[in-house]
Structure formats: structure tokens, C-alpha cells
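Worksheet: the structure to be examined is printed underneath.
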Amino acid sequence: MTSLPVANQPVHRSGALLDHLARRVRLRSETVLAPLGLRPRHLIALTVLRESAGSTQQALAATLEMDGTNIVGLLNDLEAENLVARRRSPEDRRRHVVELTDAGAKRLAKAEFALAAVEDEVLGALSEAQRESLYCLLQKALAGSDASCTTALDD
């Protein structure tokens, strides 16, 4: 079987490496989140709620790119653990406002501490400067723009 020539392709492709690294992080993250009663989707929702100081249920669903049924299930999980509170919006009684509780903020802090250890484990071969460069490059790739990195990329 003859291979077709591929013009102007880089020697190294990153997709498979990114997938493998993501899988490592995901598996270790699930392991440290489980004792806290959290799954990655819970963590993301709690983080969004902390950063936005609360949200309508509909806006949270849009941010998390989830349909209405799934967001209700997710919030039911979090509410059962007293990590979030849902209440009717005073401006529009048809809408629910979702807020992080004190217990939710504490659990999120514990989860972030545990996840920092996972990141240290998985990225342990990289220096702090290299981790910053990696973070910057990943942010740039996600943004899909020419956003500048402020860290030195050749460390």
C-alpha cells in the first residue's frame, strides 16, 4: 500500500497527545472528586456559579451547553447536597435563580485543592514557567484568535 504525500503538514501532531493527557487528568480528577461527592460536571457548574455570583437556571444551561432536562438533573444533585440553592426570580416568577451556598463554596474549594494536586502529579515533569506557557497556549487555542501570551514560551 502506498501512502499519499501530505504537503505542508507539521512533523508532530498534538491531537493524540492532548487527548491522552486529558484522559489522564480526567481519570485522576474523577478519583479525587468522588470522595467529595462530585463529578466533573458538578465542579464546572459550581465554578460557573461562583464566578457569576449566581445565575438563572436558563443562563446556566446555556453557559454549560446543556438542555433543560439535564440542567435540572444536575441542579437536583447539587441541591440535594445543599451545594446550591434555587429560588424564584423576584423579577420574573417563571425563572429560577441558582446560587452557590456556603457549603457549596467550601466543597468547591476542597475540590480545587484536590485537583491542584492532580495537576501537579500529571504535569510534574514541567517547570512552573512551562506550565504557564502551556496554559497560555491552550487558552489561545481555545479562543481561536491571536491573543498574546505574556509568558516566555521558550523556557
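Numbering (my numbering), first residue to last: 1 to 155. Ideal Cβ placement from N, Cα and C applies to all residues, glycine included. Quick caveat: nothing in here was measured; it's all calculated off a predicted structure.
| Query | Result |
| --- | --- |
| Which of helix, strand or coil DSSP assigns to Glu99 | strand |
| Option in Gly124, Arg41, Glu119, Arg93 with minimal Cα separation from Ile71 | Arg41 |
| Environment of His96 [buried if 16+ CB atoms lie within 10 Å] | buried |
| Cβ shell of Leu43 (< 6 Å), same chain only, five flanking positions each side left out | Ala111 |
| Contact check, Glu119 vs Val25, beta carbons under 9 Å | yes |
| Local conformation of Ala85 per DSSP, three classes | strand |
| Delimiting residues of the alpha helix (DSSP H) encompassing Glu128 | 128-143 |
| Length-filtered (4 minimum) alpha helix (DSSP H) runs lying within the segment 31-86 | 40-52, 57-64, 68-80 |
| For Glu132 and Glu121, the rounded distance between their alpha carbons | 16 Å |
| Spatial neighbours of Leu115 in its chain, beta-carbon cut-off 7 Å, leaving aside the 5 residues before and after | Ser29, Val32 |
| Option in Val84, Gln57, Leu21 with minimal Cα separation from Arg93 | Gln57 |
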